[in-house]
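With our numbering, the residue at position 136 of the sequence shown is 311, and numbering never jumps.
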Amino acid sequence: MATINELMRAYYLHRSQGMMNFLNNLHRQYSQNKKISPKMAKDILEGGHQERLKYELKIHYAQTFRDVIAILSKSKFLTDHYTNFEKLYFDIHKVLYPIKGIGHLSIYDIALRIGYIRNPQIIPDKKIYIFRGAWVGINNLYVSNPSYFSKPASSFLNKNGKISEGVYDMAIFDSPLCDMPSMFLEDLLCVYHTQLKKITKIQYSQLQHVPFYYIEDHF
């Protein structure tokens with residue numbers, strides 16, 4: 176049977192590098208920029224979860240893409256003073272969420288990429304952002320293995336008995352999950368959301384061949 180440590184090992188060996196390659200490539204291209212250009216905004220927007228959207232959805236939400244790129248291009252998110260990721264995320268959320276078609280996961284992704292490009296970098300630390308695939312993953316983990324959570328169920332389950340989408344302290348997790356960097360744990364919960372429901376019933380070898388699959392955001 177697979178353990179949570181084996182799941183983390185499989186993630187780091189087979190999944191984390193793809194995300195880091197994307198972020199590092201953005202950083203190499205744009206870390207010296209003081210302003211977000213339209214091309215930079217497009218590169219920030221079109222990656223990770225968003226590049227996995229079906230072609231038909233990209234066409235359907237073409238105006239959403241244009242609106243996001245236009246707003247990012249006029250923003251000062253690279254130059255405004257930020258001391259933590261949470262403030263950057265909520266400022267980006269404030270200007271992007273009113274756009275028709277934009278979702279919480281896309282806002283998190285955009286904030287993560289802008290924070291990673293900034294100099295000095297600002298990335299999630301004490302908070303984890305739980306939306307879409309990560310939301311499915313965290314609920315599946317709670318059902319299959321609640322011992323990996325540090326707090327009693329009544330402190331974070333909603334009236335339907337589920338963990339709601341939202342922003343949580345990393346402290347809700349027990350070791351070893353709480354020791355992972357927030358952005359990696361969010362990605363792990365998303366990538367392995369199905370496997371987390373049956374982690375005690377699958378073999379480590381099965382974790383090594385899980386395809387990248389993300390639950391689509393609004394666009």
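Glycine residues also receive a C-beta, built at the ideal position from the N, C-alpha and C atoms.
Quantities reported herein were computed from a predicted structural model and do not represent experimental measurements.
From this set, Y323, F331, N315 and R241, which residue's C-alpha is nearest V342's C-alpha?
On the sequence shown, position 167 is the one that residue 342 refers to. Nearest of Y323, F331, N315 and R241 to V342, Cα basis: F331.
DSSP three-state assignment for F324, whether helix, strand or coil:
Indexing the sequence shown from 1 puts residue 324 at position 149. Residue state, collapsed to three classes: strand.
Take Q207 and list the residues in its own chain whose beta-carbon comes closer than 8 Å to its own, dropping the five residues that flank it on each side.
Start at 1 with the first residue of the sequence shown, and residue 207 comes out as number 32. If we look at Q207 and ignore the five residues flanking it on each side, its Cβ neighbours are N294.
Three or more C-beta pairs closer than 8 Å, one from the segment 348-362 and one from the segment 288-303: is that the case here?
yes
What is the rounded straight-line gap between the Cα of L247 and the Cα of I277?
The residue given as residue 247 occupies position 72 in the sequence shown. The residue given as residue 277 occupies position 102 in the sequence shown. Approximately 13 Å between the Cα atoms of the pair.
For the beta strand (DSSP E) containing I374, name the first residue and the last one.
Stepping through the sequence shown from its first residue, residue 374 is reached at position 199. Going by DSSP, I374 is part of no beta strand (DSSP E) at all; its letter is neither H nor E.
Give me whichever residues DSSP pairs with G341 in a beta bridge.
Sequence index remark: in the sequence shown, residue 341 carries index 166 (1-based). BP columns for G341 point to I305.
What would DSSP say about F359, mapped onto helix, strand or coil?
Taking the sequence shown and counting its residues from 1, one reaches residue 359 at position 184. Residue state, collapsed to three classes: helix.
Does the distance from the C-beta atom of L364 to that of A286 stay below 8 Å?
Residue numbering aside, residue 364 sits at position 189 when the sequence shown is read from its first letter. Residue numbering aside, residue 286 sits at position 111 when the sequence shown is read from its first letter. Cβ distance not < 8 Å, so L364 and A286 don't count as in contact.
By how many angstroms is the C-alpha of K249 removed from the C-alpha of F348?
Residue numbering aside, residue 348 sits at position 173 when the sequence shown is read from its first letter. Residue numbering aside, residue 249 sits at position 74 when the sequence shown is read from its first letter. C-alpha separation (whole angstroms): 38 Å.
Do the segment 310-319 and the segment 368-381 meet, that is, are 3 or more Cβ pairs less than 8 Å apart?
yes
Could you have a look at F348 and say whether DSSP puts it in helix, strand or coil?
Within the sequence shown, numbered from 1, the residue matching residue 348 stands at position 173. In this structure, F348 counts as strand in the three-state DSSP scheme.
I need the boundaries of the alpha helix (DSSP H) containing H268, first residue and last residue.
As a working mapping, residue 268 is identified with position 93 in the sequence shown. Residues F260 to L271.
Looking at Y205 and I303, is the spacing between their C-beta atoms short of 8 Å?
Position 128 of the sequence shown, counted from the first residue, corresponds to residue 303. Position 30 of the sequence shown, counted from the first residue, corresponds to residue 205. The answer is no: Cβ separation not under 8 Å.
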